[in-house]
Amino acid sequence: MNRPTHVFVAGIGNSGPDHWQSLWRDRTDGAVWVEHTSWDEPDRDTWVAELDAALRAVPGPKVLVAHSLGCTLVAEWAAEHRDEDITAALLVAVPDADGPAFPTQATGFDSARHGRLPFRSLVVSSQDDPYGSPEHAAADAELFGAELVDVGHKGHINAESGLGDWPEGRALLDKLLGG
Numbered sequence: 000m001n002r003p004t005h006v007f008v009a010g011i012g013n014s015g016p017d018h019w020q021s022l023w024r025d026r027t028d029g030a031v032w033v034e035h036t037s038w039d040e041p042d043r044d045t046w047v048a049e050l051d052a053a054l055r056a057v058p059g060p061k062v063l064v065a066h067s068l069g070c071t072l073v074a075e076w077a078a079e080h081r082d083e084d085i086t087a088a089l090l091v092a093v094p095d096a097d098g099p100a101f102p103t104q105a106t107g108f109d110s111a112r113h114g115r116l117p118f119r120s121l122v123v124s125s126q127d128d129p130y131g132s133p134e135h136a137a138a139d140a141e142l143f144g145a146e147l148v149d150v151g152h153k154g155h156i157n158a159e160s161g162l163g164d165w166p167e168g169r170a171l172l173d174k175l176l177g178g
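So for the sequence shown, numbering that gives the first Met the number 0 puts the first residue at 0; every next one is plus one.
What follows is the structure, encoded as structure tokens:
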């Protein structure tokens, strides 16, 4: 089997140069970064269409590496689209669209239309994520049919968490991919 293309799906505001997603992308041959017309005012339908276009442009097997609103986007995309070449998804720090910290500028993500994902997935959560509680992560993992891994107290599991290249996350991705 061909090695899957890593497709990185960032959240609102994009993932800056010190974010583990950016660091991983820079070290991953042939990686794809899903771009959006508006990083700061995400619209669900627009983002779903942009993710779909990006995935259609990638031939062969692929693995999704999503963070924050990018995780919600993957689930929303999967509610309407299929790509049999997606082998797995790493979903890190899934936000609670009904939670008090969910960004008001993100529109259309508040009525979840998703359910079980049609590919292997792993939800990674933190005990002190301001955008989603451990209980929310557990509920999403169950809804998605995903395995759940709690990585302790790591905030939103982003650059501000001081994770750098986040080797623990890379090991989780490797395990998800069977390597």
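We treat Cβ as the ideally placed atom computed from N, Cα and C, and that holds for glycine.
Because the structure is a prediction, the values reported are computed rather than measured.
Check	Outcome
Mind listing, in chain order, the continuous beta strand (DSSP E) runs of no fewer than 3 residues lying wholly within the region 54-109?	61-66 and 85-91
Can you give the Cα-Cα distance for T36 and E49, rounded to whole angstroms?	8 Å
Are the beta-carbon atoms of L54 and L121 separated by less than 7 Å?	no
So R26 is in the beta strand (DSSP E); what residue range does that whole segment cover?	Counting along the chain, R26 falls outside any beta strand (DSSP E), though it belongs to the alpha helix (DSSP H) covering W19 to R26.
Would the region 85-99 count as touching the region 68-76 if we require 3 or more Cβ pairs under 8 Å?	yes
Between the beta-carbon of V47 and the beta-carbon of W76, is there less than 7 Å?	yes
May I ask which residues mark the beginning and end of the beta strand (DSSP E) holding R119?	R119 to S124
Can you tell which of W38, W19 and D17 has the C-alpha that lies nearest to the C-alpha of Q104?	W38
Could you give the DSSP three-state label for V47: helix, strand or coil?	helix
Any contact between the region 126-139 and the region 149-167? By contact I mean 3 or more CB pairs, one from each, below 8 Å.	yes
Report the partner residues of D187 according to the DSSP bridge assignment.	Because the chain spans 0 through 178 in this model, residue 187 falls outside it and cannot be assessed.
Specify the secondary structure class of L176 as computed by DSSP and reduced to three states.	coil
Return the CA-CA distance between T27 and P99, expressed in angstroms with no decimal places.	35 Å
Return the first residue and the last residue of the beta strand (DSSP E) that V6 is part of.	T4 to V8
Under three-state DSSP, which class holds L162?	coil
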